[in-house]
Ligand code: URA
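Next up, the structure:
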């Protein structure tokens, strides 16, 4: 949750509380504003009386103690192959294209599960299932993500070793990662390495590789938990997840 004073300095993501309540069919926008002002609305257990407070998909919003949820039959799940040059939050104050703009034929209000940088491509999940999204992003569940990283030179054994054991970044040491060399320079312009991590720090992979002396030239997420990026889903394309895929995600975060 962000309060009004914070929203201008942060990127303009999330949805205004009164708008969310109106969309959830709780009340009209005006009535929702009144409910907020009267202290009837909580976000994650705290009463919120500031109009315009922004909430994220994973925030728990309740009115008079009753949780606002999307009915199970209306929950939807999509996998997008995010192209580079698109931002992964739902809205951009600078007016750049967002991943939501790519989901033209999705009528539901869905939100991205976590983030990929503007210049990163690959798997991005979008859903209106707040609980699943929350767990998939929560460090407690340690959902693994694999990134295919392109660098200009072949990594030294020492760099590979450091990446594997964890490198010290500004916000502390990274957890051990799994590393696999995919191709050597002779096969293409870049040396490709797959790295699997289960943390989700800001620009983590780029910072890790820079730290060991190899700036990232290309970055694509090829696996998110149990889901892999299939070669026939080209960049910018998306598809609905199947029931077994949703169940696999739920299992990964102990929801079933
Ligand atoms: N790590 C990064 O550096 N960027 C991403 O988009 C995802 C993980």
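Residue numbers (my numbering): -9 to 246.
All C-beta atoms, glycine included, are put in the ideal place defined by N, C-alpha and C.
In this text the structure is predicted, and so the values were computed from the model without any measurement.
Query: Ignoring anything shorter than 3 residues or poking outside the segment 107 to 138, list the beta strand (DSSP E) runs there in chain order.; Result: 111 to 117
Query: Between residue 71 and residue 222, what straight-line distance do the alpha-carbon atoms span, to the nearest angstrom?; Result: 10 Å
Query: Give the DSSP-derived three-state secondary structure of residue 172 in the structure shown.; Result: strand
Query: Applying the criterion that 16 or more other CB atoms from any shown protein chain within 10 Å of the CB defines a buried residue, is residue 6 buried or exposed?; Result: buried
Query: Which one of 105, 76, 193 has the shortest CA to CA distance from residue 91?; Result: 76
Query: Let me check understanding here. Comparing Cα to Cα, which of 96, 95, 246, 74 lies closest to residue 86?; Result: 74
Query: Alpha carbon to alpha carbon, how far is residue 125 from residue 79?; Result: 18 Å
Query: What do you get for residue 153, buried or exposed, if any count of 16 or more other CB atoms within 10 angstroms of its CB means buried?; Result: buried
Query: Quickly, what does DSSP pair residue 32 with across the bridge? List them, please.; Result: 37, 52
Query: Let me confirm a value: residue 164 is counted as buried when at least 16 other C-beta atoms fall within 10 Å, else exposed. Which label applies?; Result: buried
Query: In chain order, what residues of the same chain have a beta carbon less than 7 Å from the beta carbon of residue 216, not counting five sequence neighbours either side?; Result: 238, 239, 242
Query: If I follow the unbroken alpha helix (DSSP H) through residue 92, where does it start and stop?; Result: 89 to 92
Query: Assess, as a yes-or-no matter, whether the segment 145 to 160 is touched by the segment 58 to 72 under the definition of 3 or more beta carbon pairs within less than 8 Å.; Result: no
Query: Ends of the alpha helix (DSSP H) at residue 305?; Result: In the structure as shown, the chain begins at -9 and stops at 246. Residue 305 is therefore absent and cannot be evaluated.
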